[in-house]
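A short write-up of the structure that comes next.
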Amino acid sequence: MARGGRALLVRRDWDGPHDLEYAVDGVYATGFSVTTPGERWGRHPDALDSYTQGLRFDLMDSSWESDPDLTPGWMEYTAWEEARMESGRDYGEEDDALPPEGNDCMRLAYSGYDPPRATCITSALTLVGRVTGREFDREWMNGIHPRYVLPG
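When we follow the working numbering, the leftmost residue of the sequence shown carries the number 681, and every step to the right adds one.
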């Protein structure tokens, strides 16, 4: 990367995003986990601190539970699912009645719905928008963007 340039990377693998990395002027400035707070690396670990106000990068943070847009019945479903798993019961056993919205919530869970992880992803994308000066909105998502391939 040339002098005067900046680059951001949100690294992911099969189960979702993990790290956000930032380079400035060809130097790896900082990186951190978007789901586990505390650990940072790079030459300037605090390089992004001024952009992180109000963002949450903690998969164990439960503040999402009070989100007014949370899917109805999600908390009841997750409590039921945790109790079912702890007891070792399988789906459909006699005393294993799903809560009222359980089937809808189960379908969402199998499709990847995960409010705490979504909070971390949203925070990472918000941070990228703050650094670049351009938020990820519908217009940006539907736009055409350049791609650069560097020979390895």
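Even for Gly, the Cβ is constructed at its ideal location relative to N, Cα and C.
- [ ] Keeping to the same chain, check which residues put their C-beta closer than 8 Å to that of Gly809; ignore five residues upstream and five downstream.
- [x] Position 129 of the sequence shown, counted from the first residue, corresponds to residue 809. Closer than 8 Å at the Cβ level, and outside the excluded window around Gly809, lie Glu815 and Phe816.
- [ ] Assign Pro796 to one of three DSSP states: helix, strand, or coil.
- [x] Here residue 796 corresponds to residue number 116 of the sequence shown, with the count starting at 1. Correct three-state label for Pro796: helix.
Open item on the list: Only counting the same chain, and skipping five residues up and downstream in sequence, which positions put a Cβ closer than 6 Å to that of Pro717?
Closed with: Numbered from its first residue, the sequence shown carries residue 717 at position 37. Only Phe737 and Asp738 meet the Cβ criterion.
Open item on the list: Let's see if you can read the secondary structure: which residues bound the beta strand (DSSP E) around Thr710?
Closed with: Within the sequence shown, the letter at position 30 stands for residue 710. Looking at the DSSP string, the run of the beta strand (DSSP E) that includes Thr710 is Val707 to Ser713.
TODO: Check Asp770 in the structure and name its three-state DSSP category.
DONE: For this step, residue 770 is matched to residue 90 along the sequence shown. Of the three classes helix, strand and coil, the one that applies to Asp770 here is coil, per DSSP.
Open item on the list: Between the alpha carbons of Thr751 and Cys785, how many angstroms are there, rounded?
Closed with: Here the question's residue 751 lines up with position 71 in the sequence shown. Here the question's residue 785 lines up with position 105 in the sequence shown. Between Thr751 and Cys785, the C-alpha separation is close to 8 Å.
Open item on the list: With distance defined between alpha-carbon atoms, name the residue in Leu688, Leu788 and Gly722 nearest to Leu805.
Closed with: Mapped onto the sequence shown, residue 805 falls at position 125. Answer by Cα proximity: Leu688.
Task: Per-residue DSSP class, three states only, for Leu830 - done: Against the sequence shown, residue 830 aligns to sequence position 150. Residue state, collapsed to three classes: coil.
Task: Beta-carbon gap between Glu701 and Arg686 smaller than 9 Å - done: Walking along the sequence shown from the start, residue 701 turns up at place 21. Walking along the sequence shown from the start, residue 686 turns up at place 6. No; because the gap between Cβ atoms is not below 9 Å, this pair is not in contact.
Task: Stretch-stretch touch, CB-based, cutoff 8 Å, three pairs: the region 714-733 with the region 786-801 - done: yes
Open item on the list: Let's see if you can read the secondary structure: which residues bound the alpha helix (DSSP H) around Ala789?
Closed with: For this step, residue 789 is matched to residue 109 along the sequence shown. Where Ala789 is concerned, the enclosing alpha helix (DSSP H) stretches over Gly782 to Tyr790.
Open item on the list: Could you compute how far the alpha carbon of Gln733 sits from the alpha carbon of Trp721?
Closed with: The sequence position of residue 733 within the sequence shown is 53, counting from 1. The sequence position of residue 721 within the sequence shown is 41, counting from 1. If you take the alpha carbons of Gln733 and Trp721, they lie about 19 Å apart.
- [ ] Identify which residue in Glu719, Ile824 and Ala759 has its Cα closest to the Cα of Gly782.
- [x] Sequence index remark: in the sequence shown, residue 782 carries index 102 (1-based). Among Glu719, Ile824 and Ala759, the Cα nearest to that of Gly782 belongs to Ala759.
Task: Alpha carbon of Asp693 to alpha carbon of Pro831, nearest angstrom - done: Numbered from 1 along the sequence shown, position 13 holds the residue referred to as residue 693. Numbered from 1 along the sequence shown, position 151 holds the residue referred to as residue 831. Distance between the alpha carbons of Asp693 and Pro831 is about 22 Å.
- [ ] Only counting runs of 3 or more residues, tell me where the beta strand (DSSP E) segments fall wholly within the region 722-768, in order along the chain.
- [x] none
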